[in-house]
Each structure stands twice: as C-alpha cells, then as structure tokens.
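Trainee: Below you'll find the structure I mean.
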Amino acid sequence: MPLIYLDVCCLNRPFDVQEQERIRLETEAILLILERCHTAEWELLTSEVIDVELAQIIDPERKQGIEILTSIAKSKVELNETIQNRAIVLQGLGIKFFDSLHIACAEVGKADVMLTVDYRLLRKTANSQQNLATIVANPVTWLMEVSE
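Given below as structure tokens:
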C-alpha cells in the first residue's frame, strides 16, 4: 500500500480555476489519488508543516475544503529537530524553505512519494533525486506510472 504525501500546492489544486487543461488533469489525478486513500487502498500522510501552511490560507471555503481532504490521513508527521536539520540540507540544494520542510516530513514519515504540482520544485528535485529518500513527482505522471 503506497504511503503518499501531498504538498499544499497539490491540496490547493482542486480549488484552483479549472480552465487550463494541465490544471484539470492534475485535479483529476489528485482526486483519484485521494479517493484511493479514502477507500484505504493507499494511505495519505500529512504533517504539521501542512497545518502551518493551511493556517495562512485566508479564503475560508478553500481552507475548509483542504482540511476535509487532509482529514482522511491516517498519520501525521510532527515537526522536530531532525526534520528542521534535514530541511537545512535540502535548502543547500536550492530547494525553498517550505518545500524543503515538506520533503523532510515525507522522508521522516517514510512516504513512498511526495506529490507536487510545483514545476519549479519538480525541476530542482529531478536534479537531486539521488539525494532524496522519497520520490518527488507530479500526480499525473506518478498515477500513470503506478496504474500501468
């Protein structure tokens, strides 16, 4: 059973304007992944870092919607010194602060994959994947790979 970590960009995607095909495809993939987590076919991992980012969302409907999506998570990674230290190392690879915390949480939580729709992060991690304990991938690409 895959253990999946969705960053806040992924969790926001279903609430974004769906005019672009790429956004619609990513939304569909994310909703399919969450459905499999809901039916316990797969497992969703969340973190205290996600909670911190959610607290910064000012749109109450979006925030509530994302909280509903994350409520199916069976486990949650709490922020600690190990995660903070790992995030510092990841920042040394050119990965931004919150992104590095998400990756560190996914690694500590032993996620099989951390999914993101942040293309800048995907480019950064593609060059550093050998330095990561968790795969970082786009939800559409990852879903296609595991569904083969």
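In this note's numbering, the protein residues as written are 10 to 157.
All C-beta atoms in this analysis are idealised placements derived from N, C-alpha and C, irrespective of residue type, glycine included.
For the candidate residues LEU20, LEU124, PHE107, ASN21, whose alpha-carbon lies nearest to that of VAL2?
Mentor: Lying before the first or after the last residue shown, residue 2 is absent from the chain, which here runs from 10 to 157.
Trainee: Hey, how far is the Cα of GLU28 from the Cα of VAL126?
Mentor: Going by the C-alpha atoms only, they are around 16 angstroms apart.
Trainee: Taking the alpha carbon of MET123 as the reference point, which residue from ILE112, LYS133, LEU34 has its own alpha carbon closest?
Mentor: Of the candidates ILE112, LYS133, LEU34, the one whose C-alpha sits nearest the C-alpha of MET123 is ILE112.
Trainee: Out of CYS19, GLY118, GLN139, which has the shortest C-alpha to C-alpha gap to LYS83?
Mentor: Answer by Cα proximity: GLY118.
Trainee: Just checking my contact of VAL86 with LEU54 at CB under 8 angstroms: how many whole Å lie between their CB atoms?
Mentor: With 8 angstroms as the limit, VAL86 and LEU54 qualify as a contact, their Cβ atoms being about 7 angstroms apart.
Trainee: Quick one: measure Cβ to Cβ for LEU152 and ALA38, integer angstroms, because I've assumed they're closer than 8 angstroms.
Mentor: About 5 angstroms; that satisfies the 8 angstroms criterion.
Trainee: What number of angstroms, rounded off, separates the C-alpha of ASP121 from the C-alpha of LEU88?
Mentor: Going from the Cα of ASP121 to the Cα of LEU88 covers about 19 angstroms.
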